């Protein structure tokens with residue numbers, strides 16, 4: 001552990017910021033792919049087992065911010081995510097040591113360059129899972145720019161969008177799992193559901209959404 005110089009960016013990211021974050025992430029994953037970890041290097045694995053554990057928590061607390069109909073949509077998405085994860089082929093090109101929480105709040109800028117901070121969730125997982133965490137808070141245009149920055153360092157497979165959208169929904173649901181036990185978070189969780197349910201609906205209906213502006217849904221109509 002060491003101090004990382006820099007400041008969180010206040011306000012919206014520029015195109016340049018987002019592209020440079022993609023470059024940074026590509027370099028991180030490129031380094032990770034060449035890592036030869038010792039046998040006693042132990043970190044969590046982010047995948048089906050960890051996701052199921054998170055969902056167990058959500059099953060307890062979801063009534064605080066979800067209706068019965070909304071929860072049914074969540075369950076369909078959860079089942080689909082697990083099925084997709086089970087079918088993914090893992091290799092050194094797509095799986096390794098990742099940050100696992102690389103949202104905008106965990107990036108600081110120093111002399112115009114981004115640096116990652118807060119490696120508390122650092123573990124093993126798919127590189128696209130890492131990318132999904134960064135994309136979650138971006139506009140569709142900026143999601144594409146981040147990917148372009150990433151691919152200036154590491155090329156993605158031809159079918160990456162399908163898996164990336166899976167991880168996007170997975171990470172979003174995991175966020176709600178994490179925050180649902182805190183009653184102070186419930187008002188913001190309720191407010192976010194009109195967007196979350198819109199994304200979930202696109203996902204379970206096999207409609208690609210990553211680079212589109214998705215219209216929010218009204219939860220009470222579900």
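Numbering (UniProt numbering), first residue to last: 1 to 222.
Beta carbons: idealized from backbone N, C-alpha and C, even for Gly.
Just so it is clear, the structure is predicted and the values come from calculations on it, not from any experiment.
Q | Neighbour-count burial assignment, residue 54, 16 or more Cβ in a 10 Å radius | A | Along the chain shown, one-based indexing puts residue 54 at 54. Buried, since its Cβ has 16 or more Cβ neighbours within 10 Å.
Q. How is the alpha helix (DSSP H) around residue 168 delimited, first residue to last?
A. Residue 168 sits at position 168 when you count from the first residue of the chain shown. Its alpha helix (DSSP H) spans residues 160-179.
Q. In the structure shown, what three-state DSSP assignment does residue 216 receive?
A. To locate residue 216, count along the chain shown from 1; it is residue 216. When secondary structure is reduced to three states using DSSP, residue 216 falls in the coil class, being assigned neither helix nor strand.
Q: Give the secondary structure of residue 110 by DSSP, where H, G and I count as helix, E and B as strand, and everything else as coil.
A: Mapped onto the chain shown, residue 110 falls at position 110. In this structure, residue 110 counts as strand in the three-state DSSP scheme.
Q. Going by the beta-carbon positions, is the gap between residue 129 and residue 95 smaller than 7 Å?
A. Counting from 1 along the chain shown, the entry for residue 129 is found at position 129. Counting from 1 along the chain shown, the entry for residue 95 is found at position 95. It is not a contact, given that the beta carbons lie outside the stated cut-off.
Q) What does DSSP give as the partner residues of residue 124 in its beta bridges? A) Residue 124 sits at position 124 when you count from the first residue of the chain shown. The partner list for residue 124 (beta bridge, DSSP) reads 45, 97.
**Q.** Sequence-distant residues of the same chain with beta carbon closer than 7 Å to residue 7, five excluded per side
**A.** By one-based count along the chain shown, residue 7 stands at place 7. Once the five neighbours on either side are set aside, the close Cβ partners of residue 7 are 108, 109.
Q) Based on the DSSP output, what are the partners of residue 116 in its beta bridges? A) Mapped onto the chain shown, residue 116 falls at position 116. Checking the DSSP bridge columns, you'll see residue 116 partnered with 107.
(Q) Closest to residue 114 by C-alpha separation, out of 212, 213, 25, would be which residue? (A) The count along the chain shown starts at 1 and reaches residue 114 at position 114. Here the closest residue by C-alpha is 25.
Q: Look at residue 59 and residue 154 and say whether their C-beta atoms are less than 7 Å apart.
A: As a working mapping, residue 59 is identified with position 59 in the chain shown. As a working mapping, residue 154 is identified with position 154 in the chain shown. No, the Cβ-Cβ distance between residue 59 and residue 154 is not below 7 Å.
Q: For residue 7, name the three-state secondary structure that DSSP assigns.
A: Reading the chain shown from its first residue, position 7 is the one you call residue 7. In this structure, residue 7 counts as strand in the three-state DSSP scheme.
Q. Can you list, in chain order, the residues of its chain whose CB lies under 8 Å from that of residue 73, leaving out five sequence neighbours each side?
A. On the chain shown, residue 73 is found 73 positions in, with the first residue counted as 1. Excluding residues within five positions, the ones whose Cβ falls inside 8 Å are 197, 200, 201, 204, 222.
Q. Beta carbon of residue 48, beta carbon of residue 85: below 7 Å?
A. For the purposes of this step, residue 48 is taken as residue 48 along the chain shown, with counting starting at 1. For the purposes of this step, residue 85 is taken as residue 85 along the chain shown, with counting starting at 1. Result yes, Cβ atoms of residue 48 and residue 85 sit closer than 7 Å.
Q. Looking at the structure shown, is residue 199 part of a helix, part of a strand, or coil, going by DSSP?
A. Stepping through the chain shown from its first residue, residue 199 is reached at position 199. Looking at residue 199 - three-state DSSP - the assignment turns out to be helix.
**Q.** Proximity below 7 Å, CB of residue 121 to CB of residue 100
**A.** Within the chain shown, residue 121 is the residue found at index 121, counting from 1. Within the chain shown, residue 100 is the residue found at index 100, counting from 1. Taking C-beta atoms as the reference points, residue 121 and residue 100 count as a pair closer than 7 Å.
Q: Out of 88, 111, 35, state which residue places its alpha-carbon closest to the alpha-carbon of residue 160.
A: Counting from 1 along the chain shown, the entry for residue 160 is found at position 160. Nearest C-alpha to residue 160: 88.
Q) Are residue 77 and residue 169 touching if we call contact CB-CB under 7 Å? A) Here residue 77 refers to the residue found at position 77 when the chain shown is read from its first residue. Here residue 169 refers to the residue found at position 169 when the chain shown is read from its first residue. The Cβ atoms of residue 77 and residue 169 sit closer than 7 Å to each other.
Q.
Across the region 141-150 and the region 173-189, are there enough close Cβ pairs to call them in contact, namely three or more that are closer than 8 Å?
A. no
Q) For residue 124 versus residue 45, is the C-beta spacing smaller than 7 Å? A) What you label residue 124 is simply residue 124 of the chain shown in a count that begins at 1. What you label residue 45 is simply residue 45 of the chain shown in a count that begins at 1. In this structure, residue 45 lies closer than 7 Å to residue 124 by Cβ.
Q: Would you decide whether residue 91 is buried or exposed? Buried here means 16 or more other CB atoms lie within 10 Å of its CB.
A: For the purposes of this step, residue 91 is identified with residue 91 of the chain shown, where counting begins at 1. Answer is exposed; the Cβ neighbour count stays below 16.
Q) In chain order, what residues of the same chain lie with their CB nearer than 7 Å to the CB of residue 136, ignoring the 5 residues before and after it? A) On the chain shown, residue 136 is found 136 positions in, with the first residue counted as 1. For residue 136, where only same-chain residues beyond five positions count, the Cβ hits under 7 Å are 103, 168, 171, 172.
Q | N-terminal and C-terminal residue of the alpha helix (DSSP H) that residue 17 is part of | A | Locating residue 17 in the chain shown gives position 17, counting from the first residue. That run of the alpha helix (DSSP H) goes 15-33.
Q.
Mapping the DSSP letters down to three states, classify residue 152 as helix, strand or coil.
A. As a position in the chain shown, residue 152 is number 152, starting the count at 1. Of the three classes helix, strand and coil, the one that applies to residue 152 here is coil, per DSSP.
**Q.** Proximal residues to residue 2 (C-beta, below 6 Å), its chain only, five neighbours per side dropped
**A.** Looking up residue 2 in the chain shown gives position 2. Same-chain partners within the cutoff: there are none.
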